[in-house]
Amino acid sequence: MKTFPAMSPFPVSENVARMQSSATIAAMQAAQALRASGANVCDFGAGEPDFDTPANIKEAAEKAMRAGRTKYTAAGGIRELNRAIIDFYKREFGTEYQPNEVMTTAGGKQAVFNAVVTLLNPGDECLVPKPYWVTFPEIAVFAGGKPVFIETEETNFVLTVDQVERAITPRTKLLIMNSPSNPSGRVLPPAQFRRIMELAAERGIYVVSDECYLRFVYAPGEVFSAASLPAELRSRLCIAGSFSKTYAMTGWRVGYALAQAGWTGAMLKVQGHSTSNANSIAQWAAVEALTGPQESVSTMLGEYTARRAWLLNALKEIPGMKCNEPEGAFYAFPDVRGCLNKDLKTSEDFAQRLLEEEHTVVTGGGGFGAEGYVRISYATSMEQIQEGVKRIRRFAEKYA
Ligand SMILES: Cc1ncc(COP(=O)(O)O)c(C=O)c1O
15 MKTFPAMSPF PVSENVARMQ SSATIAAMQA AQALRASGAN VCDFGAGEPD
65 FDTPANIKEA AEKAMRAGRT KYTAAGGIRE LNRAIIDFYK REFGTEYQPN
115 EVMTTAGGKQ AVFNAVVTLL NPGDECLVPK PYWVTFPEIA VFAGGKPVFI
165 ETEETNFVLT VDQVERAITP RTKLLIMNSP SNPSGRVLPP AQFRRIMELA
215 AERGIYVVSD ECYLRFVYAP GEVFSAASLP AELRSRLCIA GSFSKTYAMT
265 GWRVGYALAQ AGWTGAMLKV QGHSTSNANS IAQWAAVEAL TGPQESVSTM
315 LGEYTARRAW LLNALKEIPG MKCNEPEGAF YAFPDVRGCL NKDLKTSEDF
365 AQRLLEEEHT VVTGGGGFGA EGYVRISYAT SMEQIQEGVK RIRRFAEKYA
């Protein structure tokens with residue numbers, strides 16, 4: 015009888031072994047587990063709208079199912095959706111993307127993933143401004159690249175052209191931008207964005223602009239897309255967009271990438287051999303999202319505006335906390351170092367103890383590259399926000 019070697023432990027590939035698990039997913043799971051045990055949880059962890067997907071979008075999905083639109087589509091998405099994305103950018107930003115410069119993806123995350131893995135070679139440097147969405151450096155690592163972090167605390171998390179310039183080396187291949195930002199909610203002023211794009215163009219550096227929160231900018235801020243920049247600043251740009259936040263469609267998994275045809279061609283190759291098309295029914299729903307009535311977007315924005323105002327005021331009153339004003343997205347990102355002490359050493363400890371003692375979920379800043387801060391998502395009802403802030407305050411008063 016032959017003997018076979020025992021297989022233990024699983025031989026994870028080198029690049030994947032270097033990746034970190036998602037801190038935001040861990041926070042979500044912790045909240046779920048606590049809720050399942052019957053606790054009354056205040057959840058500021060979720061990075062997704064608490065609103066239901068608008069009815070007209072759901073109806074479009076039902077119609078698509080009944081019409082038998084349930085088969086494979088082109089890997090890069092149905093023509094109607096790609097056309098609707100092109101028309102949206104033309105209407106809003108005056109930019110004429112061509113059909114071979116757009117592709118539909120399974121969420122904005124897949125757009126970022128496609129863009130990064132098609133560009134980076136092992137050892138290439140990828141600039142990631144701090145604080146960053148947890149996924150950015152991990153995709154660069156997956157591709158064999160080297161994330162190079164840019165500190166932005168001195169400018170209250172608003173990236174400057176000088177900070178980018180100081181981080182560039184001969185190995186720099188890519189810069190990942192994200193405005194409005196998850197987790198800080200900060201929005202890069204358009205003129206500053208443009209100067210960074212000019213520098214990238216001068217140095218031949220590619221840029222991924224993650225615009226998943228594009229439409230969530232609060233007055234007097236302005237919605238700005240890198241798509242509105244002149245063509246000579248866009249040849250090395252990939253925009254990653256999403257339906258998840260704008261239309262409360264996180265579970266449907268639809269997003270898109272806009273880039274020069276050479277880049278989208280490479281991304282199509284990767285997507286065609288991995289996931290193929292985004293869900294066909296969700297694609298038809300996304301056509302309705304972009305071309306149908308837009309009132310739901312302004313209603314959600316109005317609600318976020320009210321919650322944000324209330325939350326920012328309330329955070330000012332909490333001892334030990336300091337919070338920059340977030341101009342966009344639906345996150346506040348306070349500095350909680352004033353609450354840390356020898357028992358509560360890090361913002362991760364802060365989040366963990368807040369969960370245990372007050373059944374309230376926030377996400378520690380370490381996973382976003384900003385230890386000392388916590389992310390508070392206000393994509394939850396005003397009632398939950400008010401109750402949760404009461405609990406955070408009680409907690410902070412104990413430790414500050
Ligand atoms: C900055 C950023 N980019 C991309 C995504 C991914 O969104 P999607 O659901 O479209 O994959 C998220 C989701 O939290 C995000 O915060």
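Residue numbers (our numbering): 15 to 414. Note that beta-carbon positions come from the ideal geometry of N, C-alpha and C, so glycine has one too.
- Runs of the beta strand (DSSP E) lying entirely within the region 192-231, each at least 3 residues long, are 220-224 in chain order.
- In the three-state reduction of the DSSP assignment, C337 falls in the coil class.
- Contact between the region 153-167 and the region 134-143 is present: 3 or more CB-CB pairs across the two stretches fall below 8 Å.
- Placement of the Cβ of N327 at a distance of 7 Å or more from every heavy atom of ligand 1 is found.
- The region 214-224 and the region 83-94 do not touch, with fewer than three beta-carbon pairs separated by less than 8 Å.
- With three or more CB-CB distances shorter than 8 Å, the region 374-390 counts as touching the region 55-74.
- By the 16-neighbour rule on beta-carbons within 10 angstroms, I332 is buried.
- Contact check for G379 and Y387: beta-carbon distance about 3 Å, within the 8 Å limit, so the pair qualifies.
- M117 is bridged by DSSP to A271.
- S391 has Y345 as its beta-bridge partners, per DSSP.
- For ligand 1, residues qualifying as neighbours are G61, G121, G122, K123, W147, N192, N196, D224, C226, S256, S258, T264 and G269, where qualification means a beta carbon closer than 6 Å to at least one of its heavy atoms (chain order).
- Between V178 and I210, the gap from beta carbon to beta carbon is short of 8 Å.
- From the listed residues E371, Q308 and I295, the smallest Cα separation to A81 is found for I295.
- Comparing C-alpha distances from V301 to each of N96, A37, F230 and F347 shows the shortest one belongs to N96.
- In the three-state scheme derived from DSSP, where H, G and I count as helix and E and B as strand, V237 is classed as coil.
- Non-local beta-carbon contacts of L243 in its own chain, meaning distances under 7 Å to residues more than five positions away in sequence, involve R208 and M211 in chain order.
- The closest CA to that of I406, considering only M15, T17 and I390, is found on I390.
- D138 sits in coil when the DSSP states are folded into three classes, being neither helix nor strand.
- By alpha-carbon distance to E236, the top candidate from L48, P204 and A245 is P204.
- A distance below 7 Å between beta-carbons, with the five flanking residues on each side excluded, links A346 to the following residues of its chain, in chain order: G199, L325, L326, L329, C337, P340, I390 and Y392.
- The three-state reading of DSSP puts F163 in strand, counting E and B together.
- D66 has its alpha-carbon roughly 24 Å from the corresponding atom of S193.
- The bridge partners DSSP lists for T186 are E139.
- In this chain, the beta strand (DSSP E) harbouring A254 covers L251 to S256.
- In the three-state scheme derived from DSSP, where H, G and I count as helix and E and B as strand, D357 is classed as coil.
- The region 306-324 makes contact with the region 395-411, as at least three CB pairs between them are under 8 Å.
- In the structure shown, V375 adopts extended strand secondary structure according to DSSP, grouped into three states.
- Its chain contains C140, A154, A157, G158, G159, K187 and L188 as the residues whose beta carbon lies nearer than 7 Å to that of L134, once the 5 sequence neighbours on both sides are disregarded; these appear in chain order.
- Per DSSP, D101 has no beta bridge partner at all.
- By the CB criterion at 8 Å, G381 and V148 fall inside the cutoff.
- Secondary structure at D66: coil, using DSSP grouped into helix, strand and coil.
- In the DSSP assignment, T305 falls within the unbroken alpha helix (DSSP H) covering S294 to T305.
- For S249, the closest alpha carbon among the candidates A275, E371 and V268 is that of A275.
- Boundaries of the alpha helix (DSSP H) around V131: G122 to V131.
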